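A quick write-up on the structure given underneath.
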Amino acid sequence: MKKYLTIVAAAVVTACSSGDDGKSAGDWGKTASPLVVADASHEARNSIDAISLNAGLESGKQLFLLGGNRAIAFWTGSNWVDVTPPSSLVGAVEDLLSFVVRPDGRSAWAATTSDRILFFDGAGWSDLNLASCMDTANTDVIDTSFDARSNAIALLNDAGTICEYRLDERKWRTMKVDAGTADPSELTLSMIADDGSFYVLNADHGMIQFDATGAARDITAGLDISHGILPGGDGFSVGGTANEVVVFDDVRNDFYRRIDGKWVPSGLNVGALGATDVVDRRYGFGPNKDLYIVATMNNNRVAAYRDGIWREVPVNIAGDEGISVVFGSMNGKDPRVLIGATRGDVAEYFLHDLANGSTTNLSAARPDITRVIASADLRTVFGITESAQIYQFESKDARWVATDFDIASFGANGIMTAVVTNDGILSMGLSNGEVVVFD
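Below you can see the structure in the form of structure tokens.
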């Protein structure tokens, strides 16, 4: 399998050196991770170099801990349970290629290197038998998507076969699309909309819409495929219904939304921003079908689309700085976007609210914060310094508040991975294998 669309709930941060903010650890607790190394030596405090912590977007009360060798532990909220898939599902020469936790945090999907799709229902693993739907022996899966609640999964292979599995139906259904190209990378599968519809974008041949029944129709009319039509943003997300979809024309440098059977341009003018190209794009739909887009230009200026109008985001980022954009999942609320700018080891972060147009420079009050991690909806934000001090950002007062984290008290020297969920819980995997939680 080549590519999997992964739902991400947090950023992974690299190791930080030891430090002490000088305060007691009030809301921090350790979980006695099964990976923890009890030895107090310096080597033991840095002995874990591969640890992955996964949680559902909505709840951090449960966690999945992947520590290598296919071992998986599940945090129930009070203790760790070994939920490693049995050897009958993941053999000695296999590994997990993708691991996606559903928003509730209690169940998960996994893909293996032998083209198996597994599902963990909270009690155990089952093989969903993808081979019964597509020829996994002679084809490659080139794209995978889910719906917003991870109730359904769809996979597209390079032969043009789409297989969809819904948890409420417990069976696969098959659809076909004309691959139409020798290069399978030209095919892109959209996220599954709430109404069960989804799209396949073929960069050579156009766009196909599948409704909830699996019926297909060509909706290319109005798009100039010769221009290079790309998914509209990060991955290929759609809204609640089939009409809520956006694509990007990389020649016109504009976005096109499908409205009442027609492709309607957004009206982005990159020249007005002193730029010639859009280099990064993020977008999503609000609860009332409102479209929000964030576009980064090749001169590091940033524009945001809301209420049908493009506005420049007031951030001053030099042209020689690296820039990254994280779009917050809306979750029934107005969206936010996290913008990061880096020059060497210096980082600067901005939080932009697309609903009211406000922008906060997160680095202004604490320039020592070098990494920011946040929940998927960007309503809970933490900052980490090089000395492993951790602060939480309070949006109401626009200030950073110390969390009283003391990494030395947990027997570790570094933070290896971190995840923040929409319920405001921060969980971190440390360099000695311990997992700590701030609630």
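The sequence shown stops at residue 567 when you use this note's numbering, and every number in between is there.
Here a beta-carbon is modelled for each residue, glycine too, at the ideal position from N, C-alpha and C.
The structure displayed is predicted, hence computed values, not measured ones.
Secondary structure of residue 398 (DSSP, three-state): helix.
Our two residues, residue 283 and residue 297, have alpha carbons roughly 17 Å apart in a direct line.
Within its own chain, the residues whose Cβ lies closer than 7 Å to the Cβ of residue 285, once the five positions on either side in sequence are excluded, are 262, 267, 268, 269, 270, listed in chain order. Of the other Cβ atoms in all chains shown, 16 or more fall within 10 Å of the Cβ of residue 236; this residue is therefore buried. Linking residue 281 to residue 349 through their CA atoms gives a straight-line distance of about 28 Å. Within the region 268-322, the runs of beta strand (DSSP E) at least 3 residues long that lie entirely inside it are, in chain order, 269-274, 280-285, 289-294, 299-304, 315-317.
By the C-beta density criterion, residue 272 is buried, having at least 16 other C-beta atoms within 10 angstroms. Counting only residues of its own chain and dropping the five nearest sequence neighbours on each side, residue 320 has a CB closer than 7 Å to the CB of 273, 274, 275, 280, 282, 326. In the three-state DSSP reduction, residue 171 falls in the helix class (H, G or I).
Note that the C-beta distance between residue 179 and residue 195 is below 7 Å.
Looking at the DSSP output, residue 495 sits in no beta bridge, so it has no partner there.
By the Cβ neighbour-count rule, residue 546 is buried, with 16 or more other Cβ atoms within 10 Å of its own. For residue 219, there is no enclosing beta strand (DSSP E), as DSSP gives it neither H nor E. With distances taken between CA atoms, residue 467 lies nearest to 482 out of 461, 482, 458.
A direct Cα-Cα distance of roughly 15 Å separates residue 193 from residue 165.
Rounded to whole angstroms, the Cβ separation of residue 373 and residue 379 is 20 Å, and the two are not in contact under 8 Å. Shown here for residue 403: same chain residues with a beta carbon closer than 8 Å to its own, the five before and five after excluded, namely 425, 426, 427, 429 in chain order. In its chain, beyond the 5 residues on either side, no residue has a beta carbon closer than 6 Å to the beta carbon of residue 207. When C-alpha distances from residue 439 are compared across 215, 452, 422, the shortest belongs to 422. 530 is the residue among 530, 461, 462 whose C-alpha sits nearest the C-alpha of residue 493. Excluding the 5 residues flanking it on each side, residue 390 has same chain C-beta neighbours closer than 8 Å at 350, in chain order. Judged by DSSP secondary structure, residue 330 falls within the beta strand (DSSP E) whose first and last residues are 326-330.
At a cut-off of 3 residues, the continuous stretches assigned as beta strand (DSSP E) that sit fully inside the region 501-538 are 509-513, 518-522, 527-530. With fewer than 16 neighbouring CB atoms inside 10 Å of its own CB, residue 209 falls in the exposed class. Secondary structure note for residue 333: it is in no beta strand (DSSP E), with a DSSP letter that is neither H nor E. Here the alpha carbons of residue 555 and residue 219 stand approximately 30 Å from one another. Put simply, of 384, 408, 566 the residue whose alpha carbon is nearest the alpha carbon of residue 419 is 384. With contacts defined as CB atoms closer than 7 Å, residue 542 and residue 559 qualify as a contacting pair.
As computed with DSSP, residue 470 is found in a beta bridge with 450, 475. In this structure, residue 509 places its C-beta atom within 7 Å of the C-beta atom of residue 502. By alpha-carbon distance to residue 256, the top candidate from 199, 278, 500, 293 is 293. In the three-state DSSP reduction, residue 347 falls in the coil class, being neither helix nor strand. In the structure shown, residue 176 adopts coil according to DSSP, grouped into three states. According to the DSSP assignment, residue 489 belongs to the beta strand (DSSP E) that extends over 487-489. With fewer than 16 other Cβ atoms from the protein chains shown falling within 10 Å of its own Cβ, residue 393 counts as exposed. For residue 462 and residue 435, the gap between their C-alpha atoms comes out near 12 Å.
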